[in-house]
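Remarks on the structure that follows.
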Amino acid sequence: MSEHFDTIILGAGGAGLMAAATAGQRGARVLLLDHADAPGKKILISGGGRCNFTNLNPRAECYLSQNPHFAKSAMSRYTQHDFIALVERHGIAWHEKTLGQLFCDGSARQIVAMLLAECESGGVDMRLSMPIEEVACEESGFRVSSGGKQFRAGSLVVATGGPSIPKMGATGFAYDVARQFGLKVVEPRPALVPLTLGREEALFRDLSGVAAPVVVRCDKTTFREAALFTHKGLSGPAILQISSYWKPGQAISIDFVPELGADFLAVLKKSNPAQLARKALIGLLPERLVEALCVRTGLDGRLGDLKDGFLSSVSQRLHDWTFQPNGTEGFAKAEVTIGGVSTAELSSRTMEAKSVPGLFFIGEGVDVTGWLGGYNFQWAWASGVAAGEAV
Ligand code: FDA
1 MSEHFDTIIL GAGGAGLMAA ATAGQRGARV LLLDHADAPG KKILISGGGR
51 CNFTNLNPRA ECYLSQNPHF AKSAMSRYTQ HDFIALVERH GIAWHEKTLG
101 QLFCDGSARQ IVAMLLAECE SGGVDMRLSM PIEEVACEES GFRVSSGGKQ
151 FRAGSLVVAT GGPSIPKMGA TGFAYDVARQ FGLKVVEPRP ALVPLTLGRE
201 EALFRDLSGV AAPVVVRCDK TTFREAALFT HKGLSGPAIL QISSYWKPGQ
251 AISIDFVPEL GADFLAVLKK SNPAQLARKA LIGLLPERLV EALCVRTGLD
301 GRLGDLKDGF LSSVSQRLHD WTFQPNGTEG FAKAEVTIGG VSTAELSSRT
351 MEAKSVPGLF FIGEGVDVTG WLGGYNFQWA WASGVAAGEA V
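In UniProt numbering, the protein residues as written are 1 to 391.
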């Protein structure tokens, strides 16, 4: 005995809920399956519980993918303004925190409630605590075995996300399905993840808990945001952002004094030679960081007693503090996964696999990864709508 639907959607996260609501509201009979006991768990913990649900300025450069143009089609047809309009229709108050990042005034629970209400108005049949045992392609469509039952539908949407934060039930299931159907998967790796440091970088580890606004650089990519020192290495928005671009073996550089000129210590010496060098830095940077940087650079004594050449070299070092992380905190701590189902395999308009009619991949499982700041949810909503309109 099997139950029949027009479409089956695997994964009730942001992308799956959006696709289900869209397809249901178009009149499709939709089954939404998830192995978790509640929908939208990552939405609930996102943005410190307030969900950074979109960004006012999602441009192509904010997404990493082997094909940087892939996301443009879906994102131009379902924009941040469409999602804001939906949020407002549901009476959810929101605010811009910084850098175009939009958060709920209240709670991320409001976003999940909104998506569930949208699914309900589309008559979506959502079933939770349903582990997926098998996915198969048949003449008339797809068969999914789940929770000891058989479900059949003409189309199948895989919205099971990526493997970041496995303890929340995240899996690489989307990749397994892709490989089962012969589709390429771009090597997944953790992104938006804290970086770890070896013993030789003890300077940073001693500073656990200290945060500072910096410019961080990896190769040609830079971010100007806060860095946070942790007992394992570095975190904070600047580091999470650059982690998406970092590959093992690469160096990272931090500019601790991005607002100041190249030779700022020599300039300070001229204006106030009697000032202690470390005093000159306090006020510009957190005191514990200043102490550590002074020990590492040998900066000590009155500015007027120090040679210009020495001050220049210290200024330069503070502008370009280069070090080599020895790794990341991995999928256990990564907010997202880079890589995934290759965009070369999918239609950028519908998210349907080019070689497997009726099979769709959306959300984080696809090789499209946004910066920190609401970009990943905007991709989840837009790719979900693209598939929901096409199934
Ligand atoms: P998502 O992972 O949300 O959903 C996948 C669903 O599939 C889950 O419900 C899961 O249970 C289910 N599933 C997985 N494997 C399965 C299997 N084998 N069988 C059945 N079901 C399965 N982004 C952003 O834009 N703004 C933000 O504020 C944040 N904040 C944030 C904080 C933290 C701590 C994390 C970990 C992540 C964020 N993100 C974020 C990223 C954002 O959460 C992420 O990009 C989206 O949730 C991806 O949505 P998806 O629907 O693709 O996957």
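Beta carbons are placed, not taken as given, at the ideal position from N, Cα and C, and that holds for glycine. All of these numbers come straight from a predicted model, not from anything done at the bench.
In three-state DSSP terms, what is Asp37?
-> The three-state reading of DSSP puts Asp37 in coil, since its state is none of H, G, I, E or B.
Proximity winner among Gly236, Glu118, Gly365, relative to Gly11 (alpha-carbon distances) | Gly365
Pull up the CB-CB distance for residue 419 and Met130, whole angstroms please, since I reckon it's below 8 angstroms.
-> Here the chain has residues from 1 to 391 only, and residue 419 is not among them.
Determine contact between the stretch 190-199 and the stretch 38-48, defined as no fewer than three beta-carbon pairs at a distance below 8 angstroms.
-> When C-beta atoms of the stretch 190-199 are compared with those of the stretch 38-48, fewer than three pairs fall below 8 angstroms, so the two segments do not count as touching.
Val158 bridges to which residues according to DSSP?
-> Checking the DSSP bridge columns, you'll see Val158 partnered with Leu10, Phe361.
Sorted by chain position, which residues of the same chain lie with C-beta nearer than 6 angstroms to Thr369's C-beta, five sequence neighbours on each side aside?
-> The residues are Leu64, Ala191, Val336, Ile338.
Extent of the continuous alpha helix (DSSP H) run through Ala113 | Where Ala113 is concerned, the enclosing alpha helix (DSSP H) stretches over 109-121.
Can you grab the Cα-Cα spacing for the pair Thr328 / Val158, in whole Å?
-> 28 angstroms
Have a look at Ser76, Leu102, Lys97 and flag the residue whose alpha-carbon is nearest the alpha-carbon of Glu88.
-> Leu102
heavy atom of the ligand FDA below 6 angstroms from Glu389 C-beta | no
With C-beta atoms as the reference, is Arg224 less than 7 angstroms away from Ser253?
-> Taking C-beta atoms as the reference points, Arg224 and Ser253 fail to come closer than 7 angstroms.
Determine the extent of the beta strand (DSSP E) in which Ala191 is found, giving its start and end residues.
-> 185-191
Based on the DSSP output, what are the partners of residue 412 in its beta bridges?
-> Because the chain is modelled from 1 through 391, residue 412 falls outside the range shown and cannot be assessed.
First and last residue of the beta strand (DSSP E) that includes residue 392?
-> The displayed coordinates of the chain run from 1 to 391. Any statement about residue 392 would go beyond what the structure contains.
Candidates Trp246, Ala212, Glu201, Ser315: which alpha carbon is nearest Thr222's?
-> Trp246
Would the beta-carbon of Glu335 be found less than 6 angstroms away from any heavy atom of the ligand FDA?
-> yes
What do you get for Gly161, buried or exposed, if any count of 16 or more other CB atoms within 10 angstroms of its CB means buried?
-> With 16 or more other Cβ atoms within 10 Å, it is buried.
Smallest Cα separation from Ala386: which of Val290, Phe361, Asn52?
-> Phe361
Mind checking whether the beta-carbon of Asn376 lies closer than 6 angstroms to any heavy atom of the ligand FDA?
-> Distances from the CB of Asn376 to the heavy atoms of the ligand FDA include at least one below 6 angstroms.
C-alpha distance - Thr54 paired with Ile84, whole-angstrom precision | 8 angstroms
If we ignore side chains and look at the alpha-carbon of each, how far apart do Cys62 and Trp371 end up?
-> 5 angstroms
Put Thr171 into one of helix, strand or coil per three-state DSSP.
-> Of the three classes helix, strand and coil, the one that applies to Thr171 here is coil, per DSSP.
Lys42 beta carbon near the ligand FDA (any heavy atom closer than 6 angstroms) = yes
Gly283: buried (16+ other C-beta within 10 angstroms of its C-beta) or exposed?
-> With fewer than 16 neighbouring CB atoms inside 10 Å of its own CB, Gly283 falls in the exposed class.
Is Glu352 buried or exposed, if buried means 16 or more other CB atoms sit within 10 Å of its CB?
-> buried
Hey, is Ser73 close to the ligand FDA, as in C-beta under 6 angstroms from one of its heavy atoms?
-> no
Taking only heavy atoms of the ligand FDA into account, decide whether any of them is closer than 6 angstroms to the Cβ of Phe173.
-> yes
Determine, using beta carbons only, whether Asp82 comes closer than 7 angstroms to chain D.
-> This model lacks chain D altogether; it includes just one protein chain.
Return the chain-ordered list of same chain residues with a C-beta closer than 6 angstroms to the C-beta of Gln275, the five sequence neighbours on each side being excluded.
-> Leu303
Whole angstroms is fine: what's the gap from Phe181's alpha carbon to Arg29's?
-> Phe181 and Arg29: Cα-Cα distance of roughly 24 angstroms.
C-beta atoms of Ala21 and Gly122 nearer than 7 angstroms = yes
Out of Gln324, Leu265, Gly330, point me to the one whose CA is closest to Leu299's CA.
-> Leu265
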